[in-house]
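Trainee: Protein sequence lines correspond, in order, to chains A and B.
According to the numbering used here, the stretch in the first sequence is residues 395 to 516, in order.
According to the numbering used here, the stretch in the second sequence is residues 71 to 308, in order.
The beta-carbon is built from N, C-alpha and C at its ideal position, and this holds for glycine as well.
Here it is: the structure, laid out below.
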Amino acid sequence: MKLLASLLLCLCIPAVWAAEANAPKLDIGKGGQCVKDTQWMRKNHMHLLRHQRDEAVRKGKRSEQDSLKNCVECHASLKDDSVIAREDSFCAGCHRYAAVKTDCFECHASKRKPALAKKDVK
Amino acid sequence: MSEIDSQRRQFLKTSAGAAAIAIAPGMMLFQTARGDTQAASSKVRWGMLIDTAQCKEGCNDCVNACNRENGLSGKTGPTDSQWIRKIEIKDVSSGRELSLPMMCQHCEHPPCVDVCPTNASFKRADGIVLVDRHRCIGCRYCMMACPYKARSFVHEPLQDQNPDVPRGKGTVEACSLCVHRIDKGQIPACAEACQNKAILFGDLNDANSEIAKKIRSVASVQIRADLQLNTGVRYQGL
């Protein structure tokens, strides 16, 4: 039994390690944690966004914290102010790795507001 | 009442009070931490009163402000979005000319909402008629149903939208009464931009609001009042 357990452990560690090594290295922008911890957000951010969008659009309950705008504000790259522009951008990097298409940014701004404001001035 | 009964009653009262005291701050903190804000209230009915006597011919300030605020191109071709238009009308017999802005009239009984097959067109509790672009399939029934030609369809992919005003290809859009500004306590961009104060924005349901007082005291009309849609946008001097 002990042998089996140790064998399983030996097999598992490299698997976890390999997964970590292959995971995309993201440009997290300013980063920080304002909603929940990283692992939880990786798994559940889509549920928060979907819930918030219906509350905000249909009922007018605009929670600043859960809004997509607020996500972009902190997580857009400090280099190009975008969450989807490059391979390692915050949203695009992970979604490409997971092969999940996002259509959020067909309508929503993928850049933080100050960047857009600067562009208007030019 | 027996002594046991009154003791029991006292005990229940105290424990209920203690529970409320224990739970209430937690709930309050939770709500504050989540940044929960008030939902749109059905006690409010947002509307506008447009004074056509103050609206100057050739002035496009409201249209420009709308385009800037909502990230519209400002072009007026058949496939370009126009949320607000300036129109010039002339009474043929008298020769009287008028200029006025025309946009979504935010009806109480909006035909666009009636015909929408996906519930994307909806009226918010505070009377603002909106398109939920998450549900819109771009069928454009609402555009056909609207007697005011207020809605536009987005034909081309868009980039660099205003973060407060998401817009995208394949969906219908219209004047939102600048809902993102209203939710922040501001007034719509067109009303703010009008130099002659021809656009008065406010709560039609609040008897003490400036707009309600003015509607009580001056003659105003709803466009196509015969349709009995009870529009939120009213016109004075038409």
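(1) Would you please verify whether the beta carbon of Lys430/A is less than 7 Å from any beta carbon of chain B?
(2) Might you give, ordered along the chain, the residues of its own chain that have their beta carbon closer than 8 Å to the beta carbon of Asn438/A, omitting 5 neighbours on each side?
(3) Measure the beta-carbon distance from Ile154/B to Val303/B and round it to whole angstroms, keeping in mind my assumption that it falls under 8 Å.
(4) Step through the CB atoms of chain A and report whether any lies within less than 7 Å of the CB of Gln231/B.
(5) Just the chain B side, please: which residues come within less than 8 Å of Lys463/A by C-beta, in chain order?
(6) Evaluate Gln427/A with the Cβ neighbour count: other Cβ atoms within 10 Å of its Cβ, from every protein chain shown; 16 or more gives buried, anything less gives exposed.
(7) Curious, which full-length alpha helix (DSSP H) runs of at least 4 residues does the segment 200 to 250 of chain B contain?
(8) Just the C-alpha distance for Lys126/B and Leu270/B, rounded to the nearest angstrom, thanks.
(9) Quick one: is Arg294/B near chain A, going by C-beta distance under 7 Å?
(10) Mind the definition here: the segment 228 to 245 of chain B touches the segment 497 to 509 of chain A only if three or more C-beta pairs lie below 8 Å; say whether that holds.
(11) Between which residues of its own chain and Gln298/B is the CB-CB distance below 8 Å, once the five residues before and five after are set aside?
(12) Can you give me the Cβ contacts of Ser222/B inside the same chain, cut-off strictly under 8 Å, excluding the 5 residues immediately before and after it?
(13) I want to verify the contact list: residues of chain A whose CB lies under 7 Å from the CB of Thr107/B, in sequence order.
(14) How should Lys396/A be labelled, buried or exposed, when 16 other C-beta atoms within 10 angstroms of its C-beta is the threshold for buried?
(15) Quick one: which residues of the segment 176 to 193 of chain B get their C-beta closer than 8 Å to a C-beta of chain A? List them in chain order.
(16) Compare the C-alpha of Pro418/A against each of Ala399/A, Asp497/A, Cys468/A, Phe484/A and name the closest.
(17) Compare the Cα-Cα distances from Lys507/A to each of Lys463/A, Ile422/A, Lys424/A and report the closest residue.
(18) Closest Cβ-Cβ distance between Phe100/B and chain A: below 7 Å?
(19) Among Ser400/A, Arg452/A, Leu420/A, which has the Cα closest to the Cα of Val477/A?
(20) For Leu472/A, count the other beta carbons within 10 Å of its own beta carbon; 16 or more makes it buried, fewer makes it exposed. Which is it?
(21) With distances taken Cα to Cα, identify the nearest neighbour of Arg138/B among Cys260/B, Phe192/B, Ala289/B.
(22) Consult DSSP for Asp475/A and reduce its assignment to one of helix, strand or coil.
(23) Compile a chain-ordered list of the residues in the segment 437 to 454 of chain A whose CB is closer than 9 Å to at least one CB of chain B.
(24) What residues of chain A sit near Arg203/B, judged by a beta carbon separation below 9 Å?
(25) Kindly indicate which residue of Asp196/B, Lys193/B, Ser76/B, Val185/B has the alpha-carbon position closest to the one of Cys216/B.
(26) So Lys455/A packs on Ala109/B, CB below 8 Å; how close in whole Å?
(27) Under 8 Å Cβ to Cβ from Asn189/B, same chain only, skipping five residues before and after it: list those, please.
Mentor: The relevant details are as follows:
(1) no
(2) Lys430
(3) Incorrect: roughly 10 Å between the Cβ atoms, too far for contact.
(4) yes
(5) Pro233, Asp234
(6) exposed
(7) 211 to 215
(8) 15 Å
(9) no
(10) yes
(11) His179
(12) Asp150, Ser151, Gln152, Trp153, Met213, Val242, Glu243, Ala244
(13) Lys455, Arg456, Ser457
(14) exposed
(15) Phe192
(16) Phe484/A
(17) Lys463/A
(18) At Phe100/B, the pLDDT of 44 sits below 50, so the modelled position is not reliable; the number obtained from the coordinates is stated separately. By this cut-off, Phe100/B is not an interface position.
(19) Leu420/A
(20) exposed
(21) Cys260/B
(22) coil
(23) Arg444, Arg447, Asp448, Glu449, Ala450, Val451, Arg452, Lys453, Gly454
(24) Val451, Cys501
(25) Val185/B
(26) 5 Å
(27) Asp202, Arg205
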